[in-house]
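Everything on this sheet refers to the single structure shown next.
Protein chains in written order, with my numbering: chain S, 1 to 294; chain X, 295 to 588.
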């Protein structure tokens, strides 16, 4: 008996991530000294554990020093900001990640603004996001950049491509839309106030879904042969009471209509981590170029 | 004989500008001291004269001190940057405008980045633009903000509105798209690589055109009753050799189909100037809130 052939409609995020991390490893192997990436959790946030673990693993595969720190849940906004500013000045720190969610009294956006753009490996500082508008996508928000990377993997030419982005968050929808425009795509951004999402998604060459709603996108919402990029990560309970992770797309049904589709898990998730690591490498090159480190 | 009644399809940019400037004047009348807005021209740039004159006039109507400075065409990038940094620290300066175009050896984007966000009345610093992505539109690029203002004047509800933006420049198209999304519109951004602009523009409730191409948008490209916002400012020569300013829209023909249309001149131009002045007022409030001035 031979194994079933791979389904070429499924875009393999793990393989793409492996390729990106290998490239990063080639770079780190050549360096004699590298600062570390610091992951900051504020308070006790079990939700972030799996993210942090994956990031640490990705860093290890890329040969990048990674440190996880936990700040007390009662740290004040000012204290947190001061520590971040000290980290900006610390040449042994390559970049910082501020894990979400943070305690309610913490204004995460102000903290993200305090991370120097050259150390903003998450691409979350408003100045980093502003640079995307100027088509400078070097340190882009990781999930947004991952969705662009996954579209490129289909082999579709981005110039003139009709892309419909469903979801207009600051972390994914808006920056991904800007990045896709920079690549020449015609982009429509739909969201909860859009009159008919299907009217848009049905005419698209590529549909990117980031709404956080399990099974939101069904097979009647896409054009045959379209590429579907599923950004959703939703925890649901099956009939037996077991938890599982699913995306925003009815993957099985949509696969019958789509030309390409990213699975969940194993699609955008691993690529997002790999982009974070790649951002750290880009940050390293930029810090050298800026004379911050040798 | 009675005068012809006004054409209610035409959106009167001059009236909107007058209303905005009057509000600004109400604010400046209450202040005992106000810093000045400094307009910086680098080199001898006759194209900017009319803009600077209109800005100076708008500032005067709003009771805002305005100073025009000319820097030598041979100023180096570093010298220019240093002067801007001194201006950031000068409490008597409320904000700066860097007139375009600049000489070729000047990197205008780096200069715009050097303007502190609290003094960036043009809204051109990448950090200011990044804040738009975060739906913080207080100091937005003036022309983009003007196009949003003009749409609001139609009385159309922005939530769920189908808007097609033609042109994806950093100054107008992209930031306007972000601002419209923040207001709840569904936005498609078309540009020179879009397969069929008409396919998009014909289904839109509002079409915003910013391509810099006289007569680009004809009556066959819009849906009856749509609102058309014309951002173009093009100088053309008529049959008698006289120069005139026209927009990107075939205004007369499109007026027969459109529900609303902005004339050129007298549409987006005066509103853009008024928004610049309003940005200066917002900057003043923010500088007080930040403790920079009293």
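Yeah, the Cβ is synthetic: ideal placement off N, Cα and C, and Gly gets one too.
The structure displayed is predicted, hence computed values, not measured ones.
| query | For the stretch 165 to 183 of chain S, which residues have a CB atom closer than 7 Å to at least one CB atom of chain X, in sequence order? | reply | 168, 170, 174, 175, 178 and 181
| Are any of the Cβ atoms in chain X nearer than 8 Å to that of residue 306 of chain S? | What the structure shows of chain S is the stretch from 1 to 294, and residue 306 of chain S is not part of that stretch, so it cannot be assessed.
| field | Meets three-Cβ-pair contact criterion under 8 Å: the stretch 236 to 246 of chain S and the stretch 200 to 210 of chain S | value | no
| Closest to residue 335 of chain X by CA distance: which of X/328, X/329 and X/349 is it? | X/349
| When you compare each of S/166, S/139, S/133 and S/124 to residue 435 of chain X by their alpha carbons, which one comes out closest? | S/133
| task | For the stretch 423 to 448 of chain X, list the alpha helix (DSSP H) runs that are entirely contained and at least 4 residues long, ordered along the chain. | result | 436 to 447
| message | Using only the alpha-carbon positions, how far apart do residue 184 of chain S and residue 400 of chain X sit? | response | 27 Å
| message | Run through chain X and tell me which residues come within less than 7 Å of residue 159 of chain S, C-beta to C-beta. | response | 487
| query | Where do the ends of the beta strand (DSSP E) carrying residue 94 of chain S lie? | reply | 93 to 98
| Meets three-Cβ-pair contact criterion under 8 Å: the stretch 278 to 292 of chain S and the stretch 82 to 97 of chain S | yes
| said: Can you look up residue 576 of chain X in the DSSP assignment and give me helix, strand or coil? | reply: helix
| task | Using 10 angstroms around the beta-carbon of residue 333 of chain X, count the other beta-carbons present and answer buried if the total reaches 16, otherwise exposed. | result | buried
| task | Give every residue of the same chain whose Cβ lies closer than 7 Å to the Cβ of residue 211 of chain S, excluding the five residues on either side of it in the sequence, and list them in chain order. | result | 166, 167, 232 and 248
| Hey, quick one: how far does the beta strand (DSSP E) through residue 165 of chain S stretch, first residue to last? | 162 to 166
| Which class does residue 9 of chain S belong to by DSSP, given the choice of helix, strand or coil? | coil
| message | Going by C-alpha to C-alpha distance, which of S/84, S/89 and S/35 sits closest to residue 67 of chain S? | response | S/35
| request: For residue 131 of chain S, go through chain X and note every residue whose CB falls closer than 7 Å to its CB, in chain order. | output: 420
| Touching by the beta-carbon criterion (3+ pairs, under 8 Å), the stretch 304 to 321 of chain X and the stretch 543 to 558 of chain X | yes
| task | Kindly indicate which residue of X/448, X/490 and X/406 has the alpha-carbon position closest to the one of residue 519 of chain X. | result | X/448
| Sorted by chain position, which residues of the same chain lie with C-beta nearer than 7 Å to residue 339 of chain X's C-beta, five sequence neighbours on each side aside? | 393 and 395
| said: Only counting the same chain, and skipping five residues up and downstream in sequence, which positions put a Cβ closer than 7 Å to that of residue 175 of chain S? | reply: 129, 132, 140, 141 and 144
| said: In the DSSP assignment, the alpha helix (DSSP H) including residue 505 of chain X goes from what residue to what residue? | reply: Looking at the DSSP string, residue 505 of chain X is not in any alpha helix (DSSP H), and its letter there is neither H nor E.
| Any C-beta of chain X under 8 Å from that of residue 316 of chain S | Any question about residue 316 of chain S goes unanswered here, given that chain S covers just 1 to 294.
| request: Evaluate residue 15 of chain S with the Cβ neighbour count: other Cβ atoms within 10 Å of its Cβ, from every protein chain shown; 16 or more gives buried, anything less gives exposed. | output: exposed
| My guess is that residue 567 of chain X and residue 311 of chain X are in contact by the Cβ rule of under 8 Å, so how many angstroms apart are they, rounded? | 7 Å
| query | residue 295 of chain S and residue 236 of chain S look like a contact to me (Cβ under 8 Å); what is the Cβ gap, rounded to whole Å? | reply | The requested residue 295 of chain S is not part of the displayed model; chain S covers only 1 to 294.
| said: With DSSP as the reference, identify every bridge partner of residue 524 of chain X, one or two as the case may be. | reply: X/503
| task | Taking residue 252 of chain S as part of the alpha helix (DSSP H), name the residues at either end of that continuous run. | result | 251 to 255
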